[in-house]
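A.B. asks: For the sequence shown, the residue numbers in this note's numbering are 6 to 167.
Even glycine gets a Cβ: it sits at the ideal position worked out from N, Cα and C.
Following this message is one structure expressed as structure tokens.
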Amino acid sequence: MKSRESMTIGELAGRFHLATHVLRHWEAMGLLTPAERVNGRRRYTADHVSRVAMIIGGKRGGLSLEQLRELFAASGPGDRHTLLERHREDLRRRIEEIERSKAMIDHALECDAHDFTRCPNFQALVRRLADGESLDRLPVTTGTSAPSGPSVPDGPRGAVFR
6 MKSRESMTIG ELAGRFHLAT HVLRHWEAMG LLTPAERVNG RRRYTADHVS RVAMIIGGKR
66 GGLSLEQLRE LFAASGPGDR HTLLERHRED LRRRIEEIER SKAMIDHALE CDAHDFTRCP
126 NFQALVRRLA DGESLDRLPV TTGTSAPSGP SVPDGPRGAV FR
């Protein structure tokens with residue numbers, strides 16, 4: 006799109022696979038500046054294309070529309086930096102939570118126990134995660150291990166932890 010060309014709301018929305026009401030909502034929220042009107046119809050420019058791409062990218066990164074509005078309206082780089090640092094810390098925490106969930110899922114998928122929830126390694130993993138232990142300190146084991154003492158039957162099939 007050349008800098009002087011413009012597009013309709015339908016064309017802009019279609020470019021990003023959005024409904025037109027989404028762009029109208031973003032305008033109402035102050036995320037998009039109202040488009041120039043030609044014969045009563047909104048017309049959008051390359052700057053609007055960039056702004057929509059930023060909004061979509063920010064949303065994919067977990068920013069709310071309110072956070073994006075605050076980011077775009079920030080009075081200077083310091084304010085934007087502060088907001089982005091807070092969001093980066095939130096993302097770091099969320100990534101850690103996802104990694105913890107993934108560690109449990111990985112064990113469950115690879116566990117030899119009939120019921121992975123009864124696997125001593127899985128139970129130990131869950132306890133350590135619940136205690137807030139860092140994943141980099143956890144030995145991630147898969148399968149089952151021999152419990153101390155005699156074999157423990159696992160469920161109706163009579164499988165045994167090994």
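Could you give the DSSP three-state label for E41: helix, strand or coil?
C.D. replies: strand
A.B. asks: Three or more C-beta pairs closer than 8 angstroms, one from the segment 47-67 and one from the segment 8-20: is that the case here?
C.D. replies: Segments in contact, yes.
A.B. asks: F127: buried (16+ other C-beta within 10 angstroms of its C-beta) or exposed?
C.D. replies: F127 should be labelled buried.
A.B. asks: Please confirm whether T43 and S11 have their CB atoms less than 9 angstroms apart.
C.D. replies: First, the residue type needs correcting, since residue 43 is Val and not Thr in the sequence shown. The criterion of a C-beta distance shorter than 9 angstroms is satisfied by V43 and S11.
A.B. asks: Buried or exposed, going by whether 16 or more other CB atoms sit within 10 Å of the CB of F21?
C.D. replies: F21 is exposed by the Cβ-count criterion.
A.B. asks: Please report the straight-line C-alpha distance between A51 and S80, rounded to a whole angstrom.
C.D. replies: C-alpha separation (whole angstroms): 23 angstroms.
A.B. asks: Give me whichever residues DSSP pairs with R98 in a beta bridge.
C.D. replies: R98 pairs with nothing; no bridge assigned.
A.B. asks: Assess, as a yes-or-no matter, whether the segment 121-140 is touched by the segment 100-112 under the definition of 3 or more beta carbon pairs within less than 8 angstroms.
C.D. replies: yes
A.B. asks: Identify whether F166 lies in helix, strand or coil by the three-state DSSP scheme.
C.D. replies: Low local confidence applies: a pLDDT of 32 at F166 is under 50, so the model's placement there is unreliable, and no value is given.
A.B. asks: With a cut-off of 9 angstroms, does the C-beta of N126 fall near any C-beta of chain B?
C.D. replies: No chain B appears in this structure, which consists of one protein chain only.
A.B. asks: Skipping 5 residues on each side, what residues in its chain have a beta carbon closer than 8 angstroms to that of T25?
C.D. replies: Result list for T25: I14, G15, A18, in chain order.
A.B. asks: Can the beta-carbon of W31 be found closer than 9 angstroms to that of L88?
C.D. replies: No, Cβ-Cβ distance for W31 and L88 is not below 9 angstroms.
A.B. asks: Are L73 and R85 close, meaning C-beta to C-beta below 9 angstroms?
C.D. replies: Taking 9 angstroms as the cut-off, the beta carbon of L73 is found no closer than this to the beta carbon of R85.
A.B. asks: Assign I60 to one of two classes, buried (16 or more other C-beta atoms within 10 Å of its C-beta) or exposed (fewer than that).
C.D. replies: buried
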